[in-house]
Ligand code: SF4
Ligand code: SF4
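This is the structure:
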């Protein structure tokens, strides 16, 4: 398993085309959504149990989560700043018009690699990197993009390739060789 962020960034760049090819493969792979989720969740459990997010904190440095009204109200309460002041001080409107995001990276609430608003953090932070959620197959664009940011995503995707892609390719190759004598 790879946990060095620098190496992960470099490897993800190198594997960029391969990762998109694997996405296409998964889209057409003959497996149910639930079966694929079960494999992914098994790898997620394994990988996340071996990674310490408080040492990494890379998502808080690289990703800008989208906050909805409920997230903003919770953070405004927790910080003791009015909603309008909180927006002015910490947020900008999200480009896609889905809500607000923090106005800087790393996140203003990250201190010494820890979230100072951990118990009030936005829902998008709480569920990042979203690998444990159902319907993995419908979130593959984000998965490929997050490979270079999150060691959990990077390693789960690599394990998945090893489990079903290269194995499958090998079977296809053996089948072709057998067929051609
Ligand atoms: S609110 Fe906390 S968990 Fe979310 S990005 Fe900021 S520091 Fe990270
Ligand atoms: S979720 Fe991923 S990027 Fe965020 S701290 Fe954990 S391992 Fe690092």
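Residue numbers (the working numbering): 192 to 372.
Just so you know, even glycine gets a beta-carbon here, dropped at the ideal spot from N, CA and C.
Since the structure is predicted, the reported quantities are computational estimates derived from the model, not experimental observations.
If you keep only unbroken alpha helix (DSSP H) runs of at least 4 residues inside the region 230-295, you get 244-247, 249-253, 260-270 and 274-281. Taking 7 Å as the cut-off, one finds no heavy atom of ligand 1 near enough to the beta carbon of residue 295. Distance between residue 353 and residue 234, taken at the CA atoms: about 11 Å.
These are the residues, in chain order, with a beta carbon less than 6 Å from any non-hydrogen atom of ligand 2: 242, 244, 247, 248, 249, 250, 319, 320, 340, 341, 342 and 343.
The C-alpha of residue 298 lies about 19 Å from the C-alpha of residue 321. In its chain, beyond the 5 residues on either side, 290 have a beta carbon closer than 6 Å to the beta carbon of residue 259. Cβ neighbours of residue 214 within its own chain (closer than 6 Å, five residues either side excluded): 331 and 335. One residue list follows from the rule of a beta carbon closer than 6 Å to any heavy atom of ligand 1, given in chain order as 251, 256, 298, 300, 301, 306, 308, 312, 313 and 316.
Taking every protein chain shown into account, the CB of residue 249 has 16 or more other CB atoms within 10 angstroms, so this residue is buried.
In this structure, residue 342 lies near residue 194, with their beta-carbon atoms less than 8 Å apart. Judged by DSSP in its simplified three-state form, residue 204 adopts helix. Distances from the alpha-carbon of residue 287 to those of 257, 226, 245 and 224 put 257 closest. Residue 324 carries a coil assignment under DSSP once its states are collapsed to helix, strand and coil. By the neighbour-count definition (other C-beta atoms within 10 Å, threshold 16), residue 197 is an exposed residue. Your pair residue 246 and residue 304 checks out as a contact, with CB atoms roughly 7 Å apart and the cut at 8 Å. With at least 16 other beta carbons inside 10 angstroms of its own, residue 206 counts as buried.
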